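There are 2 protein chains.
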Amino acid sequence: MKVTIKDIANKAGISPASVSRILTNRGRFNADTAVRVRAIATAMGYLKNQSAADLAQKQSHVVGVLVPTEHTNFADEIIKGMQAKAHELNYELLVTFIESDEVRQLQTVQSLLSRQVLAIFMLAIDPSDALLEMLTRSDVQLISISNQLNTKIPSISSDNYAMMHQVVDFLYQKGHRDIALIGSSEPDPIVARLRRQGFIEALAKHNLPYHPEFIWGDKNNYETGLAAIKHFKTPLPFTAAIGSADIISVGLLNGAKDAGIVVPTDFSIISVDGTELTQLTRPPLNTVQQNFHLMGSLAITALVEQTLAPSAVLFTETKLIAGGTVEKIIAS
Amino acid sequence: MKVTIKDIANKAGISPASVSRILTNRGRFNADTAVRVRAIATAMGYLKNQSAADLAQKQSHVVGVLVPTEHTNFADEIIKGMQAKAHELNYELLVTFIESDEVRQLQTVQSLLSRQVLAIFMLAIDPSDALLEMLTRSDVQLISISNQLNTKIPSISSDNYAMMHQVVDFLYQKGHRDIALIGSSEPDPIVARLRRQGFIEALAKHNLPYHPEFIWGDKNNYETGLAAIKHFKTPLPFTAAIGSADIISVGLLNGAKDAGIVVPTDFSIISVDGTELTQLTRPPLNTVQQNFHLMGSLAITALVEQTLAPSAVLFTETKLIAGGTVEKIIAS
DNA sequence: ATAATTTGCGTAAACGTTTACGCATTAAAT
DNA sequence: ATTTAATGCGTAAACGTTTACGCAAATTAT
């Protein structure tokens with residue numbers, strides 16, 4: 001039998017209202033009865049029914065999180081960051097994986113919405129039009145994390161443009177002049193576009209030649225990395241490649257190994273993301289690391305404190321992590 | 001403004017009760033009004049407040065999932081399996097990462113419980129006594145997944161004992177006679193015990209010598225794998241090792257590489273778990289693969305259909321996956 | 001044509017909280 | 001010793017659903 005606020009009230013000889021006031025620390029109550037009531041509550045093993053409370057208060061302490069079914073490596077980190085902050089502030093996370101099938105997507109979001117979530121966080125998701133329509137029509141707050149959207153949805157992410165400068169600068173300084181970018185060729189997603197743009201302008205900044213065909217591959221997965229090596233054949237026409245996600249970089253590394261290309265002697269790789277995965281390869285990957293944990297906790301803070309204007313973009317720092325896949329070469 | 005059942009009732013000129021009956025497909029109602037009401041509902045963009053419904057029905061459609069903060073590689077798979085089934089049956093998943101800090105653990109579970117979850121699934125978790133106490137004192141249904149507990153909690157997992165036979169049989173058939181088991185030396189967790197026992201008895205079955213010191217390492221992490229190679233030094237006293245988790249096996253592989261040991265020529269590795277991680281190494285890891293997805297969906301089915309007796313154990317199949325880290329050797 | 005059954009729907013209470021309002025009682029101010 | 005203010009708490013309504021119960025109308029059976 002679940003013990004309710006009424007049971008406590010009976011035992012304490014006061015009204016449920018008073019118990020509620022005491023337990024929520026709101027309104028006026030006597031300090032002495034308070035300790036008594038709290039003692040009774042714990043003694044009886046009382047657990048507040050948060051859903052009932054939310055209903056009465058017409059507000060929610062649940063935030064929904066949409067996670068793509070694929071590359072969940074960094075999603076984990078973001079979620080952990082969110083959760084740390086969320087629990088601190090007494091919020092709950094309703095984490096939901098979202099498949100590629102659109103019908104199921106809509107169902108999923110629908111059931112999220114019917115849970116009266118306060119907000120929905122989209123992790124690295126490029127919502128379809130139908131999904132976007134459904135989300136904006138409901139009045140939940142939306143925040144896009146690790147992605148930027150061209151709509152009125154605020155986002156928290158790395159500065160993808162600046163990040164590519166950081167990477168290209170680093171490779172340039174290591175003597176690389178012919179550089180490829182693998183995994184951001186798709187014109188549509190904003191992140192890919194920003195990275196391409198940053199990449200191209202960083203090349204220009206250093207007076208490096210820009211080969212459009214060196215931006216290759218659209219999917220952020222392992223196969224893209226493997227396929228890139230096959231596509232460009234040995235000897236590779238560039239000395240270094242940027243993998244636009246850790247899993248791509250692993251593909252590049254393995255693809256190179258399979259093709260008899262020695263990394264980093266023959267070919268340098270630097271990865272974008274910097275999850276633990278980069279430490280599991282031999283050699284470990286050089287990488288520009290994004291602060292996913294921070295993105296997560298910032299998202300919660302922004303939500304709670306309502307500090308994020310619609311269509312605002314909040315950037316978190318990226319930093320270069322040393323590894324064994326970039327070698328200094330003599331500039332040709 | 002959120003549209004409620006009352007708004008629909010007003011518009012349709014009937015009572016909220018009727019709308020509820022129609023929308024939930026329960027009780028008696030006229031088929032014609034039903035289509036009319038449903039049309040109005042979608043036109044108005046009605047979304048049921050599931051929490052209110054749960055409150056009224058004194059039942060929950062939410063199941064809580066406890067996920068350890070570490071090795072979440074296979075947890076992902078389990079969760080996806082659960083989610084697929086759960087959404088099909090109109091249940092929601094409240095996924096929560098659980099840290100090692102005990103105080104925060106209890107807080108976390110407390111807030112899960114205050115969400116009136118129907119059940120709590122523990123993914124590969126060995127609950128502390130305090131946690132177990134708290135969980136069993138509440139009357140939520142508990143199911144342990146990918147782990148077996150010595151308590152009254154039913155579990156769904158691979159048959160860890162049989163799995164070790166499968167692995168040892170395979171290695172034996174490949175000519176290996178001196179085999180190590182890395183990552184299951186801790187006496188406490190049941191899974192580790194079962195694996196040790198299966199390992200030892202499988203060795204005995206083949207009349208292989210049992211070296212207690214060949215069962216080494218307690219933590220299921222990358223460092224354990226690396227450290228194992230350092231601990232046993234070159235030349236390794238065994239020809240093959242079983243990594244008790246993919247991440248351990250990667251550690252073994254990298255550790256071997258660092259020590260100049262060639263896999264599989266000098267040293268064979270077979271991994272337990274079989275997540276995608278095993279496909280990312282060079283060579284890819286041989287592995288005995290667990291069916292995590294199935295564990296997840298079975299858990300939901302078992303919950304909904306109440307087919308799992310307390311302290312029941314449900315096994316899912318494991319299968320050997322070919323890779324490049326086990327070589328046939330001439331038995332000495 | 002009457003009785004028996006079925007159908008459709010409204011009324012009202014319930015789920016476990018919160019909270020505006022107001023009434024005593026006590027404490028502080030004059 | 002009054003007046004004023006502050007304190008503690010109870011009453012009752014509200015949040016958005018569901019559901020037992022019952023009543024009238026419609027349908028079927030006799």
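Heads up: the protein sequence lines correspond to chains B and L, in order.
UniProt numbering puts the first residue of the first sequence at 1, with every later residue one more than the last.
UniProt numbering puts the first residue of the second sequence at 1, with every later residue one more than the last.
We put the CB at the ideal spot given by N, CA and C, even for glycine.
Predicted model only: the values in this text are computed from it and were never measured.
How big is the Cα-Cα spacing for residue i and residue j?
| i | j | result |
| --- | --- | --- |
| residue 344 of chain L | P209 of chain B | This structure cannot speak to residue 344 of chain L, because chain L is shown only from 1 to 332. |
| T265 of chain B | I330 of chain B | 12 Å |
| residue 338 of chain L | S51 of chain B | The first residue shown for chain L is 1 and the last is 332, placing residue 338 of chain L beyond what the model contains. |
| H87 of chain L | L303 of chain L | 14 Å |
| I215 of chain L | V19 of chain B | 56 Å |
| T136 of chain L | D129 of chain L | 10 Å |
| K328 of chain B | I200 of chain B | 22 Å |
| I190 of chain B | A322 of chain B | 28 Å |
| T96 of chain L | L131 of chain L | 15 Å |
| S111 of chain B | N221 of chain L | 36 Å |
| V124 of chain B | V67 of chain B | The displayed chain sequence assigns Ala, not Val, to residue 124 of chain B. So the two alpha carbons sit approximately 8 Å from each other. |
| Q173 of chain L | R115 of chain L | 52 Å |
| S268 of chain B | N160 of chain B | 21 Å |
| S138 of chain B | A75 of chain L | 31 Å |
| A259 of chain B | T234 of chain B | 7 Å |
| D7 of chain L | L23 of chain L | 14 Å |
| V63 of chain L | V109 of chain L | 12 Å |
| L298 of chain B | L118 of chain B | 16 Å |
| residue 335 of chain B | I98 of chain B | Lying before the first or after the last residue shown, residue 335 of chain B is absent from chain B, which here runs from 1 to 332. |
Take residue i as the anchor and find which of the options has the nearest alpha-carbon.
| i | options | result |
| --- | --- | --- |
| S184 of chain L | L:H176, L:G175, L:R177, L:L194 | L:L194 |
| Q279 of chain B | B:H293, B:T325, B:T318, B:I153 | B:T325 |
| M134 of chain L | B:Y46, B:V262, B:L55, B:N160 | B:Y46 |
| V250 of chain B | L:L277, L:S244, L:T265 | L:L277 |
| I300 of chain L | L:R36, L:E92, L:N73, L:K48 | L:E92 |
| S271 of chain B | B:A84, B:T24, B:Q116, B:K319 | B:K319 |
| T151 of chain L | L:S311, L:E99, L:E317 | L:S311 |
| M82 of chain L | L:N10, L:I120, L:A241 | L:I120 |
| S100 of chain B | B:H211, B:D126, B:G175, B:I200 | B:D126 |
| A180 of chain L | L:E223, L:S158, L:L203, L:V191 | L:L203 |
| G198 of chain B | B:N220, B:M122, B:D169, B:A259 | B:D169 |
| T224 of chain L | L:G323, L:N25, L:E317, L:A245 | L:A245 |
| T316 of chain B | B:D178, B:I78, B:I5 | B:I78 |
| T275 of chain L | L:F267, L:V65, L:V288, L:V263 | L:V288 |
| T33 of chain B | B:K11, B:D54, B:M44 | B:K11 |
| N207 of chain B | B:K85, B:R177, B:G217 | B:R177 |
| V313 of chain B | B:L236, B:N286, B:S144, B:R196 | B:S144 |
| M44 of chain B | B:V117, B:V3, B:F238, B:E186 | B:V3 |
| P237 of chain L | L:I261, L:A53, L:Q141 | L:I261 |
| T281 of chain L | L:N291, L:I248, L:G296 | L:I248 |
| S146 of chain L | L:E305, L:N291, L:Q306 | L:N291 |
Is it buried or exposed, residue i, if we count other Cβ atoms within 10 angstroms and call 16 or more buried?
| i | result |
| --- | --- |
| G255 of chain B | buried |
| V103 of chain B | exposed |
| M164 of chain B | buried |
| H231 of chain B | exposed |
| N49 of chain L | buried |
| H293 of chain L | buried |
| Q57 of chain B | exposed |
| R28 of chain L | exposed |
| T42 of chain B | exposed |
Could you give the DSSP three-state label for residue i: helix, strand or coil?
| i | result |
| --- | --- |
| T278 of chain B | helix |
| F170 of chain B | helix |
| N286 of chain B | strand |
| G64 of chain B | strand |
| K219 of chain L | coil |
| I5 of chain L | helix |
| Q197 of chain B | helix |
| E99 of chain B | coil |
| G260 of chain L | coil |
| S111 of chain L | helix |
| residue 357 of chain B | This structure cannot settle anything about residue 357 of chain B, because the visible part of chain B is limited to 1 through 332. |
| E92 of chain B | strand |
| Q105 of chain B | helix |
| residue 377 of chain L | Residue 377 of chain L lies beyond the residue range present for chain L, which begins at 1 and ends at 332; the question has no answer from this structure. |
| F121 of chain B | strand |
- Segments of 4+ residues assigned as alpha helix (DSSP H) that fall wholly inside the segment 8-44 of chain L: 16-24, 31-44
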